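Okay, structure first, notes after.
Okay, structure coming up:
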């Protein structure tokens, strides 16, 4: 009967997890066999891709120099703490006033289990903790769809799944599935649906303890009072809450998810230490990349002075939109490809509160509230549970919504975000607020994008010039991967460039 | 259109979470108004209920003495670390050989967000972290149902939800729902089902990236290879994997869940400090509880000597099956009620491994693997991610399965659990094992139960004698709650007893 259970693609015991094609880091021993020597490499850009390239090449003794235009490494991996100051391309200057121990990850915030980012955390000794990517107690609020009040994930899910189960169970009961599946299958389906939808033998969905309680079950005398009454099926469907449930099924987003303890920038900090600070020049804005007969010459400015690095090879790990604005002699095909990488917008605001009212009053210990408002997502913090203060991500939005917020002053952004959050959480969303800090990537100097859109994907012909070396220059970045906007894309792209460069040196 | 959205039971902004009826802790100020004084209370049993009662009464200055038969407080809240020794009622003696930093929670292991247990963690300064109660990367393996290989949660869910969506979408398409819901509703349902089941416009489920990948998406050139092929609908239904999905919808079990950092016994440890060690006598086995004209006399043995405590009141916080074997003069109705509380069985084995192969090889960073085998559940650790060693709960089973394992020697239990785990995880489940420790509550002296079954619930007439004082004796324990087996039940039952006792003293 289960002869084809092998169709699941698994051996009698589970296989090791799917992984990217095996990567073998360069090692000093590679040269002794070949009679070659490690080369000198200039890495342009000290984000994750650039740092990872220097780190992996450094394992084999390559002499790497990393040039980073900003004052710190990490690129879009940016954790904002009290005292951090930014000035955006629109002239907004902000200094974060977060309390000790409070932070916001302005860029990447979460790591799925399968991504190589976690392998780097292990290798570099960066402790991780759960990133709370879903929470049954968080809210859903589709204001535009006409919802008058937020509803908890658990309640919305109980109702949606309850009605879906009822409809399918009754359709089966009436013979509507008879042509598609056998009677045995329908019996098994019915058993599943009763459990999945918490519907009884009448097949009617009439509510469930899964919706939650008005009064929680407690000691004898307090059996608890279920939340009710149950909205009609039309209301549940029209509210649009169902659109949020598939998020947690996605390969990139399904729990469990992780974050470094203390902030996402523990990763570039560890990479920076591993590469060696002496090899990294910050405040070094590259002005020209010139491929030469036997290597590369990179020109940059640092502290008002123009400097040059000569190297055998270059790993160009700047965002493509920035690289496109940098002088180079890599040819028009490269330039066209860089210009075809379209920059995207995203922004976040961190709201530090004097109390963790979402925990004490709403029993929300992490997770994400979803809305159809222009703030899109609200993230409750995945650290500091039960503590005194906490920092919520008051919006995490993209595209036109991010651009709209970016056009405001930081104070106006706070006002707009808080006014919307109050609709969901009540007055404390405003009265407990201590300070805020907002960050928009399209307006961030030397980056000017949250991520990039490559029409047809990174292997489309238009991008071929970036997937091979241009003379002695190799390209790397999450944009040249199938997981753009994820550090995994930057790491695996860097590995690809490193492998190609090292193979050439050994050849 | 959404006029009845108020049916969700929520005001325009979300209400504070549902909570048990407000509890007001006794305070010294209560007496000054009434001209009364705090009384002397003997608390029998130093588990969560007993400690909580002494803690709350102590806030108002009650002179509490806690008698605990075992060598430590906490009752079933028992965290096993290296060096801990147990001897069960069958004569099995074990000493745990876990490495430094490794532990297993032999009793309660998880805390839902809504339970008052988290309030006590906050009040007592016990840090918490996420308990990983579900994981898309964990396995499902129904060997008895004929499955030849484990399947990941995410894969099983994609297939089950995919086929459910296909069946319902096609039923709607054929008009089978026309009598139940409107055309608009069906349109919205269809939109939901396409997303929920990842089915295309043909409404056929033909697989999905949500199933997972054989080769993960990575850099350009590596788009990833989806796991496949997709098993037929009959196979998916017959495998019975769908029975595990509703677990995460349950009010008690839905993520997010929490655990104290460092072990569940941080809670009784903090309570013990707050009550004051001088008020707690361990190794003090109560032999008689005697209600007298003006108070209570409790007799116990300690170090081979018989001792007595005289007090105004007693909180009897022993498990009912133990209390039923203790001499008392509380009357036959009390005795019958105690005997009607039926003890249950549960057991766990902790398997410490020399490497965290489930993380490196299987990309499973926490969560639970579900089976239809006699080990029932396998828990991957929720702490120490990316570290050197780790401790898996190799079985967590109940009832007959727990009794079957309890009847074995600790070594036999390990052999049996490992042989089954190998079927799921492969050879490392055996070869990487460093040490194990098993614990069965039905065989644990002075407890002899994992939890209790009260026919009809705690408010059934049979248990009325336990829900009121017997003379000067008040009963408390999770068994006298609607959340038996949860610390929340013990805490709320203790609060109820404290409130009743304090009211009487003030009256």
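Protein chains in written order, with the working numbering: chain A, 500 to 1006; chain B, 500 to 1006.
Just so you know, even glycine gets a beta-carbon here, dropped at the ideal spot from N, CA and C.
Computed from a prediction, not measured in an experiment: that's the story for all the values here.
For the beta strand (DSSP E) assignment, the uninterrupted runs of no fewer than 3 residues enclosed by the stretch 743-819 of chain B are, from N- to C-terminal side, 756-759, 779-781, 784-790, 795-801, 804-810 and 812-815. Your pair residue 568/A and residue 778/A does not check out as a contact, with CB atoms roughly 16 Å apart and the cut at 8 Å. Interface criterion not met: the Cβ of residue 954/A is under 8 Å from no Cβ in chain B.
Between residue 875/B and residue 896/B, the beta carbon gap of about 4 Å places them in contact (Cβ cut-off 8 Å). Contact between residue 774/A and residue 557/A holds: their C-beta atoms lie close to 6 Å from each other, under 8 Å. Between residue 754/A and residue 633/A the beta-carbon gap is near 6 Å, inside 8 Å, which marks them as a contact. Per the coordinates, the alpha-carbon of residue 993/A lies some 49 Å from the alpha-carbon of residue 985/B. Identification of chain A residues near residue 613/B by a Cβ-Cβ cut-off of 9 Å yields 636, 711, 712, 715 and 862, ordered along the chain.
Secondary structure note for residue 922/A: it is in no beta strand (DSSP E), and the uninterrupted alpha helix (DSSP H) holding it is 909-924. Contacts between residue 684/B and chain A, judged by CB atoms closer than 9 Å, involve 732, 733, 736 and 737 in chain order. The shortest CA-to-CA distance from residue 902/A to any of 923/A, 928/A, 947/A and 919/A is the one to 947/A. When DSSP states are grouped into helix, strand and coil, residue 572/A belongs to the coil group.
Counting C-beta atoms within 10 angstroms of its own C-beta, residue 995/B has 16 or more neighbours from the protein chains shown and is therefore classed as buried. By the neighbour-count definition (other C-beta atoms within 10 Å, threshold 16), residue 793/B is an exposed residue. For residue 522/B, there is no enclosing alpha helix (DSSP H), since its DSSP letter is neither H nor E.
For residue 979/A, there is no enclosing alpha helix (DSSP H), as DSSP gives it neither H nor E.
Between residue 710/B and residue 724/B, the C-beta gap is not smaller than 8 Å, which leaves the two residues out of contact. Not one beta carbon of chain A lies nearer than 8 Å to the beta carbon of residue 542/B. Assigned with DSSP and collapsed to three states, residue 726/B falls in coil, not helix or strand. Taking CB atoms only, residue 602/A has no neighbour in chain B less than 8 Å away. Scanning chain A for C-beta atoms nearer than 9 Å to the C-beta of residue 680/B yields 662, 666, 732, 733 and 736, reported in chain order. Counting the other Cβ atoms within 10 Å of the Cβ of residue 728/B gives fewer than 16, which makes it exposed. Judged by DSSP secondary structure, residue 740/B falls outside any alpha helix (DSSP H); it is assigned neither H nor E. Across the structure, residue 919/A and residue 820/A are spaced so that their CA atoms are roughly 33 Å apart. Counting along the chain, residue 953/A sits inside the beta strand (DSSP E) bounded by residues 951-953. The beta-carbon distance between residue 969/A and residue 790/A, rounded to whole angstroms, is 6 Å. This is short enough to meet the 8 Å contact definition. For residue 620/B, the residues of chain A that pass the 8 Å Cβ criterion are 885, in the order they occur in the chain. In the three-state scheme derived from DSSP, where H, G and I count as helix and E and B as strand, residue 701/A is classed as coil. Taking C-beta atoms as the reference points, residue 550/B and residue 771/B count as a pair closer than 8 Å. Taking a C-beta distance under 8 Å as the contact criterion, residue 885/B and residue 730/A do not qualify as a contact pair. Interface with chain A (8 Å Cβ-Cβ cutoff): residue 889/B is excluded. Residues of the stretch 737-764 of chain A with a C-beta atom less than 7 Å from some C-beta of chain B are 737, 741, 742, 744, 745, 748, 749, 750, 753, 754, 755 and 757, listed in chain order. Against chain B, the CB of residue 574/A has no partner CB under 8 Å away; the residue lies outside that interface.
With respect to the 8 Å criterion, residue 855/A and residue 889/A are classified as neighbours on the basis of their beta carbons. Using a Cβ distance threshold of 8 Å, residue 638/A and residue 649/A count as a contacting pair.
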